[in-house]
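Chains as they are written, first to last, in this note's numbering: chain A, 876 to 1391; chain B, 876 to 1391.
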């Protein structure tokens, strides 16, 4: 079944791109060939309307076994890691932060659009922004993180200064760690939570520096940009990262993973639970069962940056070894914290390592006794944490745990379904075409052909809604991302989701798009 | 002059402690032999009062050339890095954050103390805490960081959520970077500021991962705990760190540094501008001149965590290569940011490195284009920064730069002199006995013999003042640290400094100490 000849070169240091078999990645919209009947109709309407380049590519599901590729550090020395640069896209605002006029779209002149829908839009635009209780009026931030924050969480950010080794703060930190156990659904006392100052990315460094050693093998399941980056991080630490890639919008299948695991002894397997660049959801439970069956010694590392707090994760039941995340997404606390849950098995692996950890700030050798002390409400010190961020995290975790977690995940599913239905009824497609691949906290939406993010994002901003542009390098200009996590979903008083759906509809109309 | 025979072993991996010549480090108070006449009198009074162990050790300045030692990773695998653990000292508060009763001091029974000063203390204790404008009432945090924060800075921490790639936030970040150039007094366009989510410690990792390569040599000037840690960090990255140690309270002398630099080609030299564990100030200007003269290719790395914002630093004029710091000390912004200024020369060294940086989250390969884009007010992305912390930093830097920097440094000197005079008049000594070694933003104070931090800190806390305990492992139980940075010094409406001096006096009286 599995053709090992089709693996990329693993031992040479040549750039893999010339030998890369990942042809489906070059397709602008890989799922167009697999639309269900009603959506195929919508696609044909769009194709009629914008015939220039919106083509239906044939499915290449049969070539999925070609998709193994090896990650190399082949980028120019200081190339940007992402398409997120104004070098490549028009700014939404001018230097003073004022909204720039949207660029005239290339499918209809701006004047024509204005004449098309003049009164309706003007009345909307003059409406004052809703005042969100104690926060200054501002557009609703509906990108896949940072998200909108609850008032009480933001107020906790202004907590007066405290000593990082004083008992009141130590108690707060200790409670945060205990609450994280509940959020990750682990009651195994051998599990160990970590909270460090940093971004989600620091979680990758922690895995790479503490759980693997130079020369170790890692299997990286690829569902978007963040697998490339995690692999890049692992290679930085001398780990051999082999990527198992799926076409954009899909995920590696269990039989492919099983085949890969049978080929080689991997120290760790990494999976992005929700890839923020594509909105693709990975299925963790059966993945874990497969890994445990085929390669029981392989540690299972879940990048949960865009999933913890909005997708169910049962750390103990699913036998996970690391789930890493950040504060600013579904957990609902401002950015600045790298958050991890580590299994007892992973801690033992760490303690058994031959060489010292290959990071200092990210070293569990330095942090493990500190975290254990904090949770025991004993003061200790390695590096100064951020008391204000820890207070905000305490507030957000308290809010999350005040309701059943199952209800929280259901709320996110319901909001996601509502949004995905609206997207479909607008005649738009998602990067993740199959329902089982669709995240519940974000939606990555292909724009109609000929419309790019800089055409539509400023118009959304004028309506008080901020979406994100594309992040997957190969198709960044073709799609937008709508984040629906945290209070925008769970606080029924907030109009964010409905307003965003309406605004998307109106903004597309403004640039000349009409869903039939 | 310089006896290379006295250097510790440099190539073996044996623990150095058996061969370490750092005898003065074993003295409990190395400077007692060198007191000026009036302070000698005070010391003799204290000695009469507490004759048990407060002995005057002879000066060993002549043995300074013995103090070279090599840093090794000889600690147990998970030993705590510091004495900051409740395993080793009594907590100040109980589990609920309430003040614990101070431990009965071992020099006088608690009852006796209570009878000694009953009414005066009770009236003080019943006074409500001063309300600090918009902040909840709280004790004044006068540890050497985190410090007290200005209201406007804390309010900026509650900023509503913004996209990290949206123009308003990008503008704010860009202005922060430009303001940092002013704070560090650099107008060289080749200099490069960095601001990352993390603690000050992450600055060490950035130096170790970007400027040196495995096998490179580093000379680490030791004035306290933080040199040990920086050396430990460098060793983590495979760099050979040689420490040049001074007795507690002193700093390596120029002729010693010159001798060391003549012995070996060091890629970098690191110096802690103010060591937070000892309050020792290093002199940077003449140090830099010496390094440039003796070893012009050696990069000069200044750990300015406890100095940037309260001690003068002229980045260009002094020819520095890296000054690294954190947000929560004299810059006056909550913890959570690692801040660096890097010279054009250091950036060139980084770009010329043979191997890729040995960190991912701390890699300038990843961050340099991002910082350059932010400063040019262009959106780009590597890892999500913390918009709230960046807003707070923007506010604090705006406040700092609204007055001449020279005035700010003078204010800190004046407050420091006032405090040091009060400490002396109380008959107490500093770890840094010589004025030229004394920091301007903190004071490390030896307690009278027989009195330990857990005796006096809870009493200070009751009076609304938080000081820190000792941090230098060998003498941690013998001294306390008083931080005097930022708004506590520059805001004339704040009573912090005077209140702290009075409280220290009263608290010592409470535990039975009397200065004659």
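Even glycine gets a Cβ: it sits at the ideal position worked out from N, Cα and C.
Same chain, Cβ closer than 6 angstroms to residue i, neighbours up to 5 away in sequence not counted
| i | result |
| --- | --- |
| residue 989/B | Since pLDDT at residue 989/B reaches only 34, below the 50 mark, its modelled position is unreliable, and the value read off the structure follows with that caveat. So the list is empty, once near-sequence residues are dropped. |
| residue 970/B | Here residue 970/B scores only 47 on pLDDT, less than 50, and its place in the model is too uncertain to base an answer on. |
| residue 1241/B | 1257 |
| residue 1191/B | 1061, 1063 |
| residue 1379/A | none |
| residue 1160/A | 1193 |
| residue 1254/A | 1040, 1045 |
| residue 1392/A | Because chain A in this structure spans residues 876 to 1391, residue 1392/A falls outside the shown range and cannot be described. |
Reduced DSSP secondary structure (H/G/I, E/B, other) of residue i
| i | result |
| --- | --- |
| residue 1055/B | helix |
| residue 1383/A | helix |
| residue 1322/A | coil |
| residue 1199/B | strand |
| residue 1317/A | strand |
| residue 1171/B | coil |
| residue 1308/A | coil |
| residue 1067/A | strand |
| residue 1041/B | coil |
| residue 1035/A | coil |
| residue 1336/B | helix |
| residue 1078/A | helix |
| residue 1371/A | helix |
| residue 1356/A | strand |
| residue 1086/B | coil |
| residue 1346/B | coil |
| residue 1378/B | helix |
| residue 1192/B | coil |
| residue 1159/A | coil |
Of the listed residues the options, nearest to residue i (C-alpha basis)
| i | options | result |
| --- | --- | --- |
| residue 1142/A | 1102/A, 1095/A, 1103/A, 1184/A | 1095/A |
| residue 1342/B | 1319/B, 1105/B, 1075/B, 1282/B | 1319/B |
| residue 1363/B | 1376/B, 1128/B, 1196/B | 1376/B |
| residue 1194/B | 1231/B, 1210/B, 1216/B | 1216/B |
| residue 1227/B | 1263/B, 1086/B, 1009/B, 1077/B | 1086/B |
| residue 1331/B | 1354/B, 1350/B, 1102/B | 1354/B |
| residue 822/A | 1324/A, 1214/A, 1322/A | The requested residue 822/A is not part of the displayed model; chain A covers only 876 to 1391. |
| residue 1104/A | 1347/A, 1304/A, 1275/A, 1238/A | 1347/A |
| residue 1050/A | 1252/A, 1381/A, 1277/A, 1387/A | 1252/A |
| residue 1102/A | 1072/A, 1176/A, 1187/A | 1176/A |
| residue 1243/B | 1225/B, 1117/B, 1032/B | 1225/B |
CB of residue i within 7 angstroms of CB of residue j, strictly
| i | j | result |
| --- | --- | --- |
| residue 1334/A | residue 1385/A | yes |
| residue 1259/B | residue 1039/B | yes |
| residue 1174/A | residue 1221/A | yes |
| residue 1316/B | residue 1390/B | no |
| residue 1148/B | residue 1182/B | yes |
| residue 1124/B | residue 1322/B | no |
| residue 1212/A | residue 1264/A | yes |
| residue 1057/A | residue 1276/A | yes |
| residue 1200/B | residue 1084/B | no |
| residue 1267/A | residue 1185/A | no |
Beta-carbon proximity list for residue i, same chain, < 8 angstroms, skipping 5 on both sides
| i | result |
| --- | --- |
| residue 1366/A | 1025 |
Contact set between residue i and chain B, taken where Cβ atoms lie within less than 7 angstroms
| i | result |
| --- | --- |
| residue 1263/A | 1032, 1209 |
| residue 1220/A | None at all; the shortest Cβ gap to chain B is about 17 angstroms. |
| residue 1073/A | 1072, 1073, 1236 |
Close-in-space but distant-in-sequence residues of the same chain around residue i (CB under 7 angstroms, 5 per side omitted)
| i | result |
| --- | --- |
| residue 1018/B | 1341, 1342, 1343, 1356, 1358 |
| residue 1137/B | 1169 |
| residue 1023/B | 1015, 1016, 1361, 1362, 1363, 1371 |
| residue 1133/B | 1165, 1169 |
| residue 1278/A | none |
Contacts that residue i makes with chain A (C-beta to C-beta distance below 7 angstroms)
| i | result |
| --- | --- |
| residue 1203/B | 1259 |
Cross-chain neighbours of residue i in chain A, by beta carbon under 8 angstroms
| i | result |
| --- | --- |
| residue 1235/B | 1076, 1079, 1080, 1083, 1107, 1108, 1111, 1112 |
| residue 1021/B | 1036, 1037, 1038, 1039, 1259, 1262 |
Proximal residues of chain A, C-beta to C-beta of residue i below 9 angstroms
| i | result |
| --- | --- |
| residue 1029/B | 1032, 1033, 1034, 1035, 1036, 1263 |
Beta-carbon neighbours of residue i, restricted to chain B and to distances below 9 angstroms
| i | result |
| --- | --- |
| residue 1010/A | 1033, 1034, 1035, 1036 |
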